[in-house]
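Presented below is the structure to which this report refers.
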Amino acid sequence: MNDNTPVLVGCGQFTLRDGHGERSPVDLMAETARMAGEDAGPGERLLREVDTLAVLGVIGWRYEDAPGLLSRQLGIDPRRRQYSSIGGNTPQWLVNRSCREIERGDVGAVLITGAEALASYKRANLDGRRLDWERGAGGELEMIGDSRPGSSDHENAHGLMLPPTIYPLFENALRARAGRDPGEHLRGLGELYAPFSQVASDNPLAWFGQRRSAEEIATPSASNRLIEWPYTKYMNAVLMVDQSASLILTSVGKARELGIDESRWVFLHGCGDANDLWYVSERRDFCSSPALAAAGQQALAMAGVGIDDIDCFDLYSCFPSAVQIARNELGIAEDDTRPLTVTGGLACHGGPGNNYTTHAIATLMQRARDKPDSLGLVSGLGWYMTKHSLGIYGATAPAGDTGGASRLPSEEQAGELQQRLDAMEHPSLQEQPEGSGSIETYTVAFDRDGAPESGIVVGRLDNGDRFLARVASDPGLLAELVEHEGVGRSGSVKPGGERGNVFTPD
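Counting in the working numbering, the sequence shown tops out at residue 511, every number present.
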């Protein structure tokens, strides 16, 4: 085996429960980084070998130099200190990127880590307490990742700026394409997420460990209110968690030099990274993801396997539509019995900001060690079905790893793939639409009392051009859009004022 073959050697995860004090995100990262060192075997000796520290961007606490603070806590002095932009794809993207750098000999050991302490932050705010967590200052940071905002000014003007509002657009389009009535589809979403809850109930690190039935997940109640149609609270990613996870990667040669037992080694068999057309209003449709399909094909081809050869998955599950689109694009049948999550997913295990996928990778590492002949696939997702990163993991060395040409896709190959995706035909967007048209997809938001309060439409004019619009906040109209299929409904649209265009159904 080539000494420069990249290998994951250590992982650590930690969940800080309510009532067990408050610790900053950097404190939590230090905890799981040390756990990852011990998991690999050499402990602090391995951490001192880290020459690249990559910290996932923290959402809940504004750091000036999180990598510098963490380096000080760990007593290490990495040559590169990186801090990432927003995106749930970033942990897997970092693994893919780090493996290329290790294979080229550019770096010796990489620590990827992240954490959120939003539960502690929220609790302190409710108690009227001010947290005094250190922010750091003065360090040299390398900002990494794509930092473009996830939505355009025009989308923002129409209220399309947050995940709980945007992902229902995909869900309602999926339902219409499948020809299911709204009630039937809602029950189906409960059946999709019930196995996630079951996995979480067996995971001691999950934020919500109680097992919920499909009916409980799909049925609106006082504790499970509708957020945006058709998603109940139990279908939304839970951000208010205190969780951290870390990974350590190095080369086969360095692992041998440090005496890391081969039983701890886990290999990246396949990977892929790609973005869909950046803004939601540009997409070809709201049922597919050409970028995810392309990244999946690339990862499977690199691993030399088909989708039927994968033993388990962790499909990014911020919302049910993300799971369904990933399943469809990867060629996983709807009635496939293989688990779609190894952690319980973002709605049950918890979604610590940009760092959830680190938990998924760490969990798959443990599974691969327990079953060395198995393969597991992780998908990471950023923004609104926008940024996609995939990895296939196994504890046996990849076939064909004989020290010849690199198996990993080069930056040039990734760039060529992205150019093809960016050049895909898609509908033109009219920002000042006027005339007749129909609903392509839509969402309805609910207030805390369970009443529909607003609606947003993505529509098509009669000439095929796309438009964004709000619908009148009429309780009867909004109830119709919830109780009956709204996709395909005709009406008229006209330019609006500061709150955007207005669509009036016939």
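No residue lacks a Cβ here, since even glycine has one placed at the ideal position from N, Cα and C.
Here the structure is a predicted model, which is why all the values come from computation and not from measurement.
Item	Value
Presumed contact (8 Å Cβ cut-off) between glycine 65 and tyrosine 88, rounded CB distance	In fact, because the Cβ distance is near 15 Å, the residues do not count as touching under 8 Å.
Integer Cβ distance of alanine 114 from aspartate 56, believed to fall under 8 Å	6 Å
Cβ pair leucine 79, leucine 123 closer than 7 Å	no
Coarse secondary structure for phenylalanine 175, derived from DSSP in three states	helix
C-alpha gap between valine 257 and glycine 110, whole angstroms	11 Å
Option nearest leucine 297 by Cα separation, candidates Lys376, Leu426 and Glu458	Leu426
Inter-residue spacing [alpha-carbon to alpha-carbon] between tyrosine 126 and leucine 136	8 Å
For serine 251, three-class secondary structure by DSSP	strand
Residue closest to leucine 33, alpha-carbon to alpha-carbon, out of Leu482, Gln248 and Val492	Gln248
Length at least 3, wholly inside the region 96 to 172: the beta strand (DSSP E) runs in chain order	114 to 122 and 147 to 149
Proximity below 7 Å, CB of valine 476 to CB of glycine 460	yes
Assumed close pair valine 100, leucine 197 - CB separation to whole angstroms, cut-off 8 Å	So it is not a contact: roughly 27 Å between Cβ atoms.
Alpha-carbon to alpha-carbon, leucine 191 and glutamate 147	44 Å
Leucine 351 vs cysteine 323 beta-carbon contact at 7 Å	yes
Minimum C-alpha distance to alanine 474 - residue among Glu160, Glu339 and Asn9	Glu160
Cβ distance (whole Å) where threonine 237 is taken to contact isoleucine 222 below 8 Å	7 Å
Bounding residues of the alpha helix (DSSP H) (the contiguous stretch that carries alanine 373)	361 to 375
Same chain only: Cβ atoms within 6 Å of phenylalanine 451, ignoring 5 sequence neighbours per side	Leu231 and Pro457
Closest residue to glycine 311 among Lys259, Asp281 and Gly381 (Cα-Cα distance)	Gly381
Nearest-angstrom beta carbon gap, alanine 199 and alanine 219 [assumed within contact, 8 Å]	4 Å
Unbroken alpha helix (DSSP H) run spanning valine 333, endpoints	Reading the sequence as shown, one finds asparagine at residue 333 and not valine. Per DSSP, asparagine 333 belongs to the alpha helix (DSSP H) from 325 to 335.
Status (buried if at least 16 other CB within 10 Å, exposed otherwise) for threonine 509	exposed
Those residues which DSSP pairs with glycine 17 across a bridge	Ser251
Whole-angstrom C-beta distance between glutamine 302 and proline 5, which should lie under 8 Å	With the chain running from 6 to 511 in the structure shown, residue 5 is simply not present.
Nonlocal neighbours in the same chain, by C-beta distance under 6 Å from glutamine 435, ignoring five residues either side	Asp470 and Phe472
Which listed residue (Pro187, Arg134, Val463 and Thr348) has its alpha carbon closest to that of glycine 3	With the chain covering only 6 through 511, there is no way to say anything about residue 3.
Every unbroken beta strand (DSSP E) within the region 254 to 320, with a cutoff of 3 residues, ordered by chain	272 to 280 and 317 to 319
Own chain residues within Cβ distance below 7 Å of serine 581, not counting five before or after	Summary: the structure shown does not reach residue 581, with the chain confined to residues 6 through 511, and so no result is reported for it.
Beta-carbon separation (whole angstroms), valine 271 vs alanine 373, contact threshold 8 Å	5 Å
Distance between glutamate 139 and asparagine 9 (C-alpha atoms, nearest Å)	38 Å
Reference glutamine 215; option with closest CA among Tyr321, Cys353 and Phe175	Cys353
Own chain, CB closer than 6 Å to serine 206, minus 5 neighbours either side, in chain order	Gly214 and Arg216
Neighbourhood of serine 202 by C-beta distance below 6 Å, restricted to the same chain and skipping five residues each side	Arg216, Arg217 and Cys353
Beta carbon of threonine 448 nearer than 7 Å to that of valine 492	no
Identity of the residues DSSP links to tyrosine 398 by a beta bridge	Leu273 and Gly381
Buried or exposed by the 16-neighbour rule on C-beta atoms within 10 Å, applied to lysine 376	exposed
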